[in-house]
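In this note's numbering, the protein residues as written are 171 to 414.
To start, the structure itself, in structure tokens.
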Amino acid sequence: MDNIKGGLSYISWIKFLREPGCPLCTARQHLTRSYIETFLHEYINDLNVRAKIDQSRGFCNEHAWQIQKMEENVYHDGMKNGIIYEYLIAQLIRELETYRQRVEQPQPIKTSIFRRNTQTKIYVEMLRIFEKNGKCPVCEHVDLLEGIYADEFLRMIRILKENGFDKKHIFCLKHLLMLLRQSENPEDTKYLLDDQLSKLNNLHHQLKYYLKHHSYLHKHEPIGEEEATSWIRAVAIFAGHNDS
């Protein structure tokens, strides 16, 4: 147990558990922020990372704007984003110019079940050059670590239960299913299910009280913070952490 408590995973989990909600959503949020900070500070000129960005044509919508926002807020500049997107735009221009040249050389082609000739051949195979050939580098990195942290949570679940994993922590459905898939110990699976079912039943009770409070007969009854926020926490069960 002392070895576990001294490990980096345990220390990280204690930090994640300081926040309410789905612990793995919190972990993912911290891991994403850490990677983006490192990317902006160290990886901007890393050839391997740049190659991945080239293959994925930048980042996914979520992470592209997180990177943009962080650089603007931390560095008060856009130089690092500019370096990435200057290259990507130049590459896109070259590919579009190549495609345009091919389109300017139309050739009749048989299409449709009626074999009608078209006036211009659309080079469908050429459009493939515009498709992404890789995953968003941030998603790839965070997805990998998320799986590792899920395994570590299952390994330490009983210890964490005594050190911060309490009633305010309900896993979202996505991450609960991830844990159940990765669990290899039936006892750990049962322990996790018992814990989450207890918390979900409690949330359900609070949500029913919240709805009841809106009726004419009960609207004057006092309502606590947990009941008042139950509907928001219910959204998080199915949608995950609110990163906005």
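Idealized CB from N, CA, C, for every residue including glycine.
Item	Value
Out of L381, I299 and T202, which one is the CA nearest neighbour of E316?	T202
Once DSSP output is grouped into helix, strand and coil, what is the label at R227?	coil
In three-state terms, what does DSSP make of F186?	helix
Check the C-beta distance from F300 over to E265 and give it rounded, since I have them as a contact under 8 Å.	7 Å
Which term fits T288, buried or exposed, when burial requires 16 or more other beta carbons within 10 angstroms of its beta carbon?	Caution applies to T288, whose pLDDT of 48 falls short of 50 and renders its modelled position unreliable; the value that the coordinates give is listed next. Counting Cβ neighbours within 10 Å, T288 comes out exposed, since fewer than 16 surround it.
Taking R325 as the reference, give the member of E207, S353 and F186 with the closest Cα.	S353
Straight-line CA distance for E189 to Y255?	35 Å
Are the CB atoms of I214 and I253 nearer to each other than 8 Å?	yes
Taking 8 Å as the cut-off, decide whether the C-beta atoms of C306 and H211 are in contact.	no
DSSP state of K378, grouped into three classes?	helix
Cα separation between L217 and G394?	54 Å
Should the segment 360-374 be regarded as contacting the segment 334-341, the criterion being three or more beta carbon pairs within less than 8 Å?	yes
Going by Cα to Cα distance, which pick from N412, H311, P356 and L350 is closest to F229?	H311
Does DSSP put I329 in a helix, a strand or coil?	helix
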